[in-house]
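Heads up: the structure comes next, in structure tokens.
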Amino acid sequence: MSATPFTRRKFLISTAAAASSTWFLAACGGSEEESPGPAAQSASAVPQSDIDKALDTETTLTFWTWVPDIQKEVKLFTTKYPKMKVNVVNVGNGAPHYQKMRTAIQSGQGAPDVAQVEFQYINSFTLGEGNLLDLTPYVPARLKDSYPEWVWSQVNTNGGLWGIPQDTGPMGLLYRDDLLKGAGLEAPKTYDDFAAAAETYHSKNPKSYLVNVAPNEPGQMVAYLWQAGVRPFTFDGKQTVKVDLANEEAKRVVKFWGDLVTNGVASNDPDFNDSWYQGLANGKWATLPIAAWGPVFLQGTAGKTSGKWRAADLPQWDASKVVSSNWGGSTDAVLKSSKNQIAAAQLAWYINTNKESALKLANEQFLFPAMKEILTDPSFVNQESKFYGGQKVNEKFAQISETVTPDFAWLPFMDFVYTNFTETLGKAFANKTDAVAGLQAWQDASAKYAKDQGFTVS
Amino acid sequence: MSTFVDTAPAPPRHARTTAAKRRQYAAAYTLVLPFFVIFLAMVILPLFYAGYLSFFKKQLIGGTSFAGFDNYARAVTDPLFLTAIGRMGIFLVVQVPIMLALALFFALALDSGMMKLAKFSRLAIFVPYAVPGVVATLMWGYLYGPDFGPFAQISEALGLPPPPFLTQTGMLFSIMNIVNWEFIGYNMIIIYAALRSIPSELYEAARVDGASEPRIAWSIKIPAVRAALLLTVIFSVIGTFQLFNEPQLMRTLAPTVIGTAYTPNLYAYNISFVNQDANYAAALAFLLGIVIMIVSYIVQLSAQRRERRS
């Protein structure tokens, strides 16, 4: 272990010039007291000579991702290492992507070397013998310091580093300045304010609402739970899970949203379909609690409302301490089955941490960055957005990223849990029935699935 | 009489099969070979593999174990699966008769030769079938929209609540409507083709006897296309139980109305790809196949019985 920092230093000076030198400075400036994670202790670093050799060997890597135009960043990598050839393949967006990955893994052939994996699906690929490569030995020992704590806790779990963070989705509140002002309201700071505002707003605008509670959006609801400090899931990396969705704190959160719906002051429309897009463009809702990828998305969806939106923190349960959570976000992971693990790990690491590449992802593809260095880069945070009345929206969400609480863990079967949401808690929102009962049904179905699949449920 | 001649036992001839005949056989088999290779690889093998899978149980923890008929036993007592089958039963009883009655009506109208613009009408009725089901569903999804769909806007202008197209009660009928729109033209073409093959002497004879056009349609045309109608019924039975695209797409509009088990096929799909339980999904698919076979057989049997009676 003692030799590791030295190798790292050499590594960064020799191979990853611009980006990592700043990383290096940051790492040196960082505090010394924190201990290396369990992974760093268990896995010994790959020698720099092996990395150099791998990058200087003719290699073709396959990279599955649905990020548009990622060829731009891949090109930076292949330009730097001309012997690398990368086939970027888009096999589908979200669910189909994972289905194909699982099929390829099961069949034992055709799986990519590097693949995009969202935070909440990492565990479904590390399950059992594990299909993802622990990247700890392939990256600088202090990579941890490059990220906000919560980001690192998403990728570094159960003693391994399972993906290099690519983008994140800290939760904020987008709101229509004009509509709120028209109703004599301000962006609500606390959830009490929010509930009162929902009532006032709807009474003044009987056809529109302060907010929508989407009965098909588990990601958003989980983000609300996360913000309130709920940690409903754990997974020990082997076969023990905790499913604790219906705890008191979670009930409080769910009841809050359920009450808004049953009182008729919040709508319960499904989101991300045409009707919802039209609603956003037509002012059906005055606020939109959404992740950091939301602002750019909204701009594309509700173009005619330009200049009227603003970004703020989510409402708070405890006004004295502003906290947030995360919805969405991806990593690039390396599959264990890859025949070129070193090169694959370097690709995943390089495109997401090289400064030029990471800035491109942030400023050209509008992926909300994971790295501190990009979250503070002037070219990113100083952008003034016309759509948001000239507000520096990136800066706002970069600040929010610092308030996201760490250590939110995921089950290794979030596909089921998320799909089941629509049949249980989501259904309660849709039918305006008891949300807490819906939460309990969600809990029961998820725990039952875990047992049926052979997990030990604690 | 003619059928008798056709099927009369031929004298044993294989001993005298000529070389030319053998060459013809060889050519015939060579020509159908590509089909059979693909049929075997893409249909028969996967079918056997799915059958094999359905006898195992695979857990995320614990791996694969032999399960015998457990998956089947689970399926026949699975309320979600049974509800889905029942829902398709309702669909079959309501939608198929409407669709086929309209298809028959249009076919008769076109065949009567009393329509102006017959060619145009035929094409217009058939065109929806050429529109991919996915596109059709997206289009109807927009029309049904409770906020900005044209029907909702009309009823809003009249001071009425939006029509309940995408609600628990309305959804099944909304999907029926889409399927009707898509498949009336297709079924009409099958029936129309059968109508065209009826010898016109029959009509002339009927007219000489003083039969009206409706009478000709009822007593000559419809009985004559009975075989074609049976075919369309069986196609519809199969299509109904396999309903997938329409509910899958409508799901984005009404995710809490169309659950993961709205139709049997959708359920099997979700079991396989969301729950990661391909084994149970295989058992569901086989049971669904059996249900389809039974229903198709009942349809055929009752049709034959009626034929014998008449």
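Protein chains in written order, with the numbering used here: chain P, 227 to 684; chain C, 296 to 605. Ideal Cβ positions, reconstructed from N, Cα and C, are used throughout, including at glycine. Please read these numbers as outputs of a predicted model, since none were measured by experiment.
Check	Outcome
In chain order, which continuous runs of the beta strand (DSSP E) of length 3 or greater are located wholly inside the stretch 298 to 342 of chain P?	310 to 315
Helix, strand or coil: which one does DSSP assign to C:Q595?	helix
Given a cut-off of 8 Å on the beta-carbon distance, is the pair P:A624 and P:T602 in contact?	yes
For the stretch 658 to 679 of chain P, enumerate the residues whose C-beta is nearer than 8 Å to any C-beta of chain C, in chain order.	Y675, D678 and Q679
So what does DSSP say about P:L251, is it helix, strand or coil?	In this prediction, P:L251 scores a pLDDT of 38, lower than 50, which makes its location untrustworthy; no coordinate-derived value is stated.
Output the distance between the C-alpha atoms of C:I420 and C:A512, rounded to the nearest integer angstrom.	20 Å
Which chain P residues are close to C:N560, counting only those with a beta carbon under 9 Å from its beta carbon?	Correct list: empty, because the minimum Cβ distance to chain P is about 16 Å.
If we cut at 8 Å on Cβ distances, does P:S501 have a partner in chain C?	yes
Cα separation between C:L438 and C:F446?	7 Å
For a test of the three-state rule: what should DSSP assign to C:G505, helix, strand or coil?	coil
What's the gap between the Cα of P:D678 and the Cα of P:L471?	18 Å
Could you check if P:P391 is buried or exposed, using at least 16 other CB atoms within 10 Å of its CB as the buried criterion?	buried
For P:K481, which three-state DSSP category applies?	helix
Chain C beta carbons: is any one of them nearer than 8 Å to that of P:L353?	yes
I'd like to know whether the C-beta of P:T488 is nearer than 8 Å to at least one C-beta of chain C.	no
Return the bridge partner residues of P:W214 from the DSSP annotation.	The first residue shown for chain P is 227 and the last is 684, placing residue 214 of chain P beyond what the model contains.
Would you say C:V569 reaches chain P, if we count a Cβ-Cβ gap shorter than 8 Å as a contact?	yes
Check each candidate in P:V491, P:G529 and P:G484 and name the one with the smallest Cα separation from P:L506.	P:G529
At 3 residues or longer, and completely inside the stretch 541 to 611 of chain P: list those beta strand (DSSP E) runs for me, N to C.	552 to 560
Hey, P:P635 and P:T460: beta-carbon distance below 8 Å or not?	A quick correction: the sequence has Ala, not Pro, at residue 635 of chain P. Yes, Cβ-Cβ distance for P:A635 and P:T460 is below 8 Å.
Which residues in chain P have a C-beta closer than 9 Å to the C-beta of C:F443? List them in chain order.	D500, S501, Q504, G505 and N508
In the DSSP assignment, the alpha helix (DSSP H) including P:K415 goes from what residue to what residue?	Counting along the chain, P:K415 falls outside any alpha helix (DSSP H), and DSSP gives it neither H nor E.
Under 8 Å by Cβ, that's how I've got C:G428 and C:N565 pegged, so tell me the actual separation to the nearest angstrom.	That pair is no contact at about 19 Å.
Quick check: the stretch 560 to 575 of chain P against the stretch 407 to 425 of chain P, are at least 3 beta-carbon pairs closer than 8 Å?	no
What residues in the stretch 425 to 442 of chain P bring their beta carbon closer than 8 Å to a beta carbon of chain C?	P441 and N442
Starting from P:G446, trace the beta strand (DSSP E) both ways and give me its first and last residue.	For the sequence presented, residue 446 of chain P should be read as Gln rather than Gly. Counting along the chain, P:Q446 falls outside any beta strand (DSSP E), though it belongs to the alpha helix (DSSP H) covering P444 to Q453.
Should C:G436 go down as buried or exposed, given a rule of 16 or more other Cβ atoms within 10 Å for buried?	buried
Any chance you could list the alpha helix (DSSP H) runs of at least 4 consecutive residues sitting entirely within the stretch 512 to 545 of chain C, in chain order?	521 to 536 and 540 to 545
If we ignore side chains and look at the alpha-carbon of each, how far apart do P:W249 and P:Y614 end up?	Low local confidence applies: a pLDDT of 37 at P:W249 is under 50, so the model's placement there is unreliable, with the coordinate-based value given in what follows. Taking the straight line joining both Cα atoms gives about 32 Å.
Which class does P:W376 belong to by DSSP, given the choice of helix, strand or coil?	helix
Hey, could you find the ends of the beta strand (DSSP E) C:S450 is sitting in?	Run containing C:S450: none in the beta strand (DSSP E); it sits in the alpha helix (DSSP H), P445 to A452.
CB P:P496 to CB C:L548, shorter than 8 Å?	yes
Answer yes or no: the CB of C:Y564 versus the heavy atoms of the ligand PLP, is any distance below 7 Å?	Of the ligands one can find in the structure shown there are none, so the ligand PLP has no counterpart to examine.
Where does C:N565 fall in DSSP's three states?	helix
Roughly how many whole angstroms lie between the Cα atoms of C:F331 and C:P341?	14 Å
Excluding the five sequence neighbours on either side, which residues of its own chain have a C-beta within less than 6 Å of the C-beta of P:Q465, listed in chain order?	F681 and T682
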